[in-house]
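1 is the number of the first residue of the sequence shown in the UniProt record's numbering; add one for each residue after it. All C-beta atoms in this analysis are idealised placements derived from N, C-alpha and C, irrespective of residue type, glycine included. What follows is a single structure, written as structure tokens, with notes after it.
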Amino acid sequence: MTLLITPRLRLEPLEDRHFDGLYELNRDPVVMRYITGRPDTPEDTQSMIERVKARWAEFGYSWWGFIRQDSGAFVGTGCIQHLNRDPAGPLETGWRLRQDAWGQGYASEAARHMVGWAFRTLQPELICAVCQPENTPSSTVMERLGMKFTGTGRWYDMDCKRYDITAAQWLASPAKTKYDAEA
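Set out below in structure tokens:
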């Protein structure tokens, strides 16, 4: 499993020891409003960890926990996974952060490293991201990555906007330049 280091974060593959931090994040109804529309139960969070561990074993990528290097605090989580959990679909990146970590650049920092790792290691043609139309903070992070809006569709049982970045677009993206300087 792959550990990623950013200037301020350590991205650790999610496992059982992350339960408390992940549950704190996933039980916040404000955090989850654009993800599932409801807070997680402890069973939901444990089920997520089990699915994630299985995907790390099967694919070699899935969800990471975002751990602040200075304090060791669990501040969020993010992924490289298959869109709509369909192995035939394109690779997708996504993230969620605790409310007290919003607006500090953690999502962009982590996303640069997840996407940079995926393009370097997995070498996909493209990586996408989806969000509900009202979730402008996430679409802003997607645009900062150099992703382009490609349309709307239905993923994860929600109507979402989709953003894509191709390998060639990533090479020309300012986000890649920043990733290279940080990595």
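Please confirm whether residue i and residue j have their CB atoms less than 8 Å apart.
i	j	result
Leu126	Ala175	no
Phe66	Leu9	yes
Ala118	Gly78	no
Thr6	Glu109	yes
Leu22	Leu14	yes
Leu91	Pro124	yes
Tyr164	Thr152	Note on residue identity: the sequence assigns Asp, not Tyr, to residue 164. No, these two residues do not count as a Cβ contact at 8 Å.
Thr41	Phe19	no
Ala172	Met147	no
Ser62	Arg55	yes
Pro133	Lys161	yes
Please determine, among the options, the residue with the shortest C-alpha to C-alpha distance to residue i.
i	options	result
Leu76	Gln99, Trp56 and Gly89	Reading off the sequence shown, one finds Gly at residue 76, where the question assumed Leu. Of Gln99, Trp56 and Gly89, the residue nearest in Cα terms is Gln99.
Gly89	Ile49, Val52, Tyr156 and Leu4	Tyr156
Lys53	Asp16, Ile80, Asn84 and Pro124	Asp16
Asp97	Thr177, Val30 and Lys148	Here residue 97 is Leu; the residue named in the question, Asp, does not match the sequence. Ranking Thr177, Val30 and Lys148 by Cα distance to Leu97 puts Val30 first.
His113	Glu43, Tyr179, Thr36 and Asp28	Tyr179
Gly60	Lys161, Arg162, Gly105 and Pro87	Pro87
Just the C-alpha distance for residue i and residue j, rounded to the nearest angstrom, thanks.
i	j	result
Val115	Thr93	7 Å
Arg145	Met158	The sequence given here places Leu at residue 145; Arg does not occur at that position. About 23 Å.
Arg170	Gly72	Correcting the residue type first, residue 170 is Trp in the shown sequence and not Arg. Spanning the two alpha carbons is a distance of roughly 30 Å.
Leu3	Glu12	5 Å
Ala107	Val141	7 Å
Ser139	Cys131	7 Å
Asn84	Ala181	32 Å
Met1	Gln81	14 Å
Leu122	Glu58	14 Å
On the DSSP letters alone, give me the boundaries of the beta strand (DSSP E) that residue i sits inside.
i	result
Arg154	Lys148 to Trp155
Arg10	Leu9 to Pro13
Gly65	Trp63 to Arg68
Gly144	The question names Gly, yet the displayed sequence has Arg at residue 144. Looking at the DSSP string, Arg144 is not in any beta strand (DSSP E); the run it does join, the alpha helix (DSSP H), is Thr136 to Arg144.
Glu24	Element bounds for Glu24: not the beta strand (DSSP E) but the alpha helix (DSSP H), Phe19 to Asn26.
Which residues mark the beginning and the end of the alpha helix (DSSP H) in which residue i is found?
i	result
Leu171	Ala167 to Ala172
His113	Tyr106 to Thr121
Thr77	From DSSP, Thr77 is part of no alpha helix (DSSP H) but of the beta strand (DSSP E) over Phe74 to His82.
Thr49	Residue identity differs from the one stated: residue 49 is Ile in this sequence, not Thr. From DSSP, the alpha helix (DSSP H) with Ile49 extends over Pro42 to Phe59.
What residues in its chain sit with their C-beta under 6 Å from that of residue i, if we drop five residues either side in the sequence?
i	result
Arg68	Val75
Arg120	none
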